Structure formats: structure tokens, C-alpha cells
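**Q** My questions all concern the structure below.
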Amino acid sequence: MSNINKPVHTHTHTYTHTDSNLARLPAPDRRDGGQDIPIFTKLYEFYKTLSSIIPSFPKTKRYTLGQKLDNTTLDILEFLFAIPLSSNKLIILQKISVKVDLLKILIRLSKDTQIINNKDCLELETKLSEIGKMLGGWIRASKQNTT
Numbered sequence: 084m085s086n087i088n089k090p091v092h093t094h095t096h097t098y099t100h101t102d103s104n105l106a107r108l109p110a111p112d113r114r115d116g117g118q119d120i121p122i123f124t125k126l127y128e129f130y131k132t133l134s135s136i137i138p139s140f141p142k143t144k145r146y147t148l149g150q151k152l153d154n155t156t157l158d159i160l161e162f163l164f165a166i167p168l169s170s171n172k173l174i175i176l177q178k179i180s181v182k183v184d185l186l187k188i189l190i191r192l193s194k195d196t197q198i199i200n201n202k203d204c205l206e207l208e209t210k211l212s213e214i215g216k217m218l219g220g221w222i223r224a225s226k227q228n229t230t
């Protein structure tokens, strides 16, 4: 018998978002049993915006400046998750502040070297400014709590 006329079975799976482990992760604005973390939500949204802009960077800058922007933002997210585990919250908040300032400089550099347009720059700077204000308030409150 010939196998020519037999149907070929290709086995594929289509996974939906709920099929993945991501469905079990907390929402981006929740952590530690539902505690609201507004700065995390703002940074999460900033990262989504940044991630949509970086692919438009010229190839020579995508893997240097674009990667640095990406990594710095992810570093901040990582620091935010370390805060509840740390005995000295203020030190971590100050490290986050330095990283936010670095992001501001890198975004301005991206605009000044015409890697990103004014509209994208304004959107990123606006989001970062809001994050910076929230962070500044958190730092001030932490300083008051330690004195």
C-alpha cells in the first residue's frame, strides 16, 4: 500500500495567554497580597512604551543605546521588587533615583542625536517625570521615617 493518499497529521498547539504561566502572575499594579504599587504600574507602562520605540532605532544604536535604555529600566523594576526584602529601603530608593536620572539623560541623548522623534521623546520624558515625582515623595517619606 502506498502512503501517498494518507492525510498527514501535523500536531500543533495554540496557546492562549491563560494557558501560560503568565496567567498566574500578579497584575502589574499588585504585589505582596494585593498591595498597590503605583510607581511599579507607571514604570511598567513606561517600559511598554519604550519597548515599542526601541525597534525603530537604527541598528547601530539599537544594540547600544537602545539596549542600555532597556536594561536600565529593567534594573529599576528589579530594584522595586527588592525594596520589601531590604532592611534599608532608602539606599535602594536612591539607587533607583540614579537610574531614573540616567534614563532621562539617555532619552535626551536619543532625541539630540535624532534617534527618536520629539513626540516619542516627550511621551517618555512625561512618563519619567511622573515616576521621578513619585520616587521623590517616597524618598522624602522614607527619610522622615528613619529620623
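In our numbering, the protein residues as written are 84 to 230. The beta carbon of each residue, even a glycine, is placed where N, CA and C say it ideally should be. Computed from a prediction, not measured in an experiment: that's the story for all the values here.
Give a yes or no on whether the C-beta atoms belonging to LYS144 and ILE198 are separated by under 8 Å.
**A** Cβ distance < 8 Å, so LYS144 and ILE198 count as in contact.
**Q** What does the alpha-carbon distance come out to for the pair LEU211 and THR229?
**A** Approximately 27 Å between the Cα atoms of the pair.
**Q** CA-CA distance, PRO167 and PHE129?
**A** Straight-line Cα distance between these residues: approximately 22 Å.
**Q** State buried or exposed for LYS220, treating a residue as buried only when at least 16 other CB atoms are found within 10 Å of its CB.
**A** One point to set straight first is that residue 220 is Gly, not Lys, in the sequence displayed. Label assigned to GLY220: exposed.
**Q** With distances taken from CA atoms, which of THR124, PRO141 and THR209 is nearest LEU186?
**A** The shortest Cα separation from LEU186 among THR124, PRO141 and THR209 belongs to THR209.
**Q** Taking DSSP as the reference, what is the three-state secondary structure of ILE199?
**A** Residue state, collapsed to three classes: coil.
**Q** Looking only at its chain, what residues have a beta carbon closer than 6 Å to the beta carbon of SER169, apart from the 5 residues adjacent to it on each side?
**A** Same-chain partners within the cutoff: ILE175.
**Q** Measure from the alpha carbon of LEU152 to the alpha carbon of each residue in LEU133, ASN201 and PHE123, then state which is nearest.
**A** Comparing Cα positions, the closest option is LEU133.
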